[in-house]
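Residue numbers (this note's numbering), protein chains in the order written: chain E, 1 to 403; chain D, 404 to 806. Cβ atoms here follow ideal geometry from the backbone N, Cα and C, with glycine treated the same way. Bear in mind that the values here come from a model prediction, so they are computed numbers and not experimental data.
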């Protein structure tokens, strides 16, 4: 039996980041950049007006006699055009937001501070300082500059910047091919009414949804019976994936054949039990490049094991540098009892209040009670050998959803 | 000019939740349930063993003479089978985790606390209390019970529960059809090298990514020139969507024709300016059932306006009850200056430390500087008329990404 920390370390030591692929930036949000993104232009690409108004020589508007002053309008530039004429003393160019500043001008007077006059003249009602309402060329970034670093997770902002610098396609780390196999003679399809002793197979659905939340996709490879032949057939198919998730069949019971079948097929297993609750029976191994998780069969144990070990593995494959969910320190709102043996991960409700976090465990009947976990948004960590925690105790909480 | 709160209220008053559609639960994660999900079974569906071990009569193991006691093993049940024989005094049934408890038995002794003997007998090394290691029928939920309420957002846990109760298909609120039109003579395609006075069109990319993050999809309808004909053609196409996003062309400038074209096409506009920075020029209207946002053209203003107004609108259409991003109170780490007029939304970095939140504004050159926003994960709210905020000040921060 390994500790949670040890299991985490072993899993990630044996996971490699996947090869690089090129995708259109339209499909890249949520993926990790696999190259430094270098700009081919200055941004802004020219001294740019930040306002609708008049490009002027600041000194003209700050004359000792004070404003208002009258200037001659020599040209009009809108965004997308380029000014042809140089602004000389006593002159102005009418200019729109985003348009290039004409030569000679060193400030822009907002249109609200002007009054148009007859004969291509304008009255400037308020003086402007040099540089006012101008975004100078290259202020945001320059040609040749690395604007987004390799391994950055691409959010909408980064996607927009990539568009600005002309990177229609971009190198990202690949998304793993993931297979899910569920096992157990008691399992029937969702569309069936369970007979006596049976339950519906639900793990492949919740796991595929967890995979989706991790920005990847999983193929559900069906349910294997608790016999060698059925397991061998299913697992052989699964071993062609980058990552294979199997649920059930990893406890001590005699019908729990997954471990022996994995060994028989040549999967190198690194551990077979973790000192945690729920989720003690969990195996992890490698078969050539394929990572294999034998997850516990109970739905909550499957859910928790995925969050703690599989999700970080998927993220490492996809090039993420932050692998684990964020852990937040919070105050306990209701007292909590634990069996006090293994480290425990308890479904809990975490919420902010006045800049601090509070948490309470939700009512929950154990590792089969998936409905109980729907009342929570997080997993409260009860350290090993702790049997009770009082109200107000500071605890660590893994944020698994939105707050 | 309306206030931010007023604009938010007007937008949401004019947005309706979309019709219900039925989807397979494999496609339902992240969507909102549009019906109460009622269970057709008890869960567990029978008194179930929570352990591998022996189903016993507790009293037999707690005999006054104390353990060990020897019992006769009358049957073996694995998960998926149903026990045939009733356990009588002095008897036990070998049982696997998840299997149904045989009649007569009222507790399960863990396999670790037993020792198999010759002749179908077992030695019970440790007494068990009545009910021990049994999950009673209906403990988690009962047939006829609403297990997931209408409007619940379906996470992996909920998807698993829906599978358990046989809901292969489920009613959810529809996802809006969204169109994006960008406008501006200065815009060129990402694949082009901008000529003098031009920039690449990036808003449709960042907006489509924001839509994707909101669990919806957008069609990019191209870039319209700053002329009536081009705008009318593009907008007419966009008005067939549930939601139309237009960027640019909503300022005071003479080439900003979007507002007049929208009016000409019969779009009912509710406001044309919001007292905020960035994002002052923003219009919102309705055309029959189509909601129309005229967003500012500057990339950061577009980004912020989406987060504040468009995302909640999309979420309302999709049946969400929590519409806005979470606002967190945090302590300011670096002093902050503002122009002190309109309410300001400043790109910022929010991070937890010891159960409290700290925030600092990132270096940022204004509403065109999208690269600046990539350094943040949140938007710090500077209230109107505030010109400076000292270190340690408590501020409100909109969490737009992961912490």
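Asked                                                                                                                                             : Found
Member of D:470, D:472, D:471, D:489 whose CA lies at the smallest distance from the CA of residue 478 of chain D                                 : D:489
When D:435, D:409, D:563 are compared against residue 725 of chain D, the one with the closest alpha-carbon                                       : D:435
Beta bridge counterpart(s) of residue 191 of chain E as assigned by DSSP                                                                          : Answer is none; residue 191 of chain E lacks a bridge partner.
The stretch 183 to 201 of chain E touching the stretch 151 to 166 of chain E, judged by at least three CB pairs closer than 8 Å                   : no
Close-in-space but distant-in-sequence residues of the same chain around residue 682 of chain D (CB under 6 Å, 5 per side omitted)                : 699, 704, 707, 708
Contacts of residue 509 of chain D in chain E (Cβ-Cβ under 8 Å)                                                                                   : Under the 8 Å cutoff, chain E gives no residues; its nearest Cβ is about 18 Å from residue 509 of chain D.
8 Å contact criterion, which residue 364 of chain E and residue 347 of chain E should meet: CB distance rounded                                   : 5 Å
Extent of the continuous alpha helix (DSSP H) to which residue 413 of chain E belongs                                                             : A question about residue 413 of chain E goes unanswered here, because the residues of chain E that appear run from 1 up to 403.
Beta-bridge pairing of residue 730 of chain D - partner residues as DSSP gives them                                                               : D:801
Test item: CB-CB of residue 637 of chain D and residue 627 of chain D under 7 Å                                                                   : yes
Three-pair Cβ contact test at 8 Å for the stretch 171 to 189 of chain E versus the stretch 42 to 54 of chain E                                    : no
DSSP state of residue 300 of chain E mapped onto helix, strand, coil                                                                              : helix
Contained beta strand (DSSP E) runs [length at least 3] in the stretch 55 to 143 of chain E, N- to C-terminal order                               : 69 to 77, 91 to 95, 107 to 110, 114 to 117, 121 to 124
Contacts around residue 182 of chain E, its chain only, beta-carbon distance under 7 Å, and the 5 residues preceding and following it disregarded : 201, 203, 204, 223, 247, 248
Chain-ordered neighbours of residue 485 of chain D on chain E, where CB pairs are closer than 9 Å                                                 : 195, 196, 197, 198
Three-way DSSP call (helix, strand, coil) for residue 612 of chain D in this model                                                                : helix
Contact list for residue 354 of chain E against chain D, beta-carbon separation under 8 Å                                                         : 732
CB contact check: residue 506 of chain D to chain E, cutoff 7 Å                                                                                   : no
Completely contained alpha helix (DSSP H) runs for the stretch 145 to 180 of chain E, where each covers 4 or more residues                        : 156 to 164
Cβ pair count under 8 Å reaching 3, the stretch 471 to 485 of chain D against the stretch 496 to 512 of chain D                                   : yes
Boundaries (first-last residue) of the beta strand (DSSP E) holding residue 315 of chain E                                                        : It is not in any beta strand (DSSP E) - residue 315 of chain E instead sits in the alpha helix (DSSP H) that spans 311 to 317.
Whole runs of the beta strand (DSSP E) within the stretch 222 to 275 of chain E, excluding any shorter than 3 residues                            : 243 to 247, 268 to 271
Straight-line gap, residue 389 of chain E to residue 353 of chain E (C-alpha atoms, nearest Å)                                                    : 21 Å
Whole-angstrom C-beta distance between residue 145 of chain E and residue 38 of chain E, which should lie under 8 Å                               : 7 Å
Interface residues of chain E facing residue 654 of chain D [CB-CB closer than 7 Å]                                                               : 52, 97
Three-way DSSP call (helix, strand, coil) for residue 31 of chain E in this model                                                                 : coil
Segment limits, alpha helix (DSSP H) that includes residue 414 of chain D                                                                         : 407 to 416
For residue 775 of chain D, three-class secondary structure by DSSP                                                                               : helix
Cβ pair residue 375 of chain E, residue 362 of chain E closer than 7 Å                                                                            : yes
When D:520, D:550, D:512 are compared against residue 534 of chain D, the one with the closest alpha-carbon                                       : D:512
7 Å Cβ cutoff, residue 357 of chain E in contact with chain D                                                                                     : yes
Chain D contact residues for residue 44 of chain E, given Cβ-Cβ distances below 9 Å                                                               : 602, 771
Residue 371 of chain E vs residue 397 of chain E beta-carbon contact at 7 Å                                                                       : no
Cβ shell of residue 399 of chain E (< 8 Å), same chain only, five flanking positions each side left out                                           : 325, 326, 327, 328, 350, 377, 378
Beta-carbon proximity check, residue 256 of chain E vs residue 149 of chain E, cutoff 7 Å                                                         : no
Test: residue 635 of chain D CB closer than 7 Å to a CB of chain E                                                                                : no
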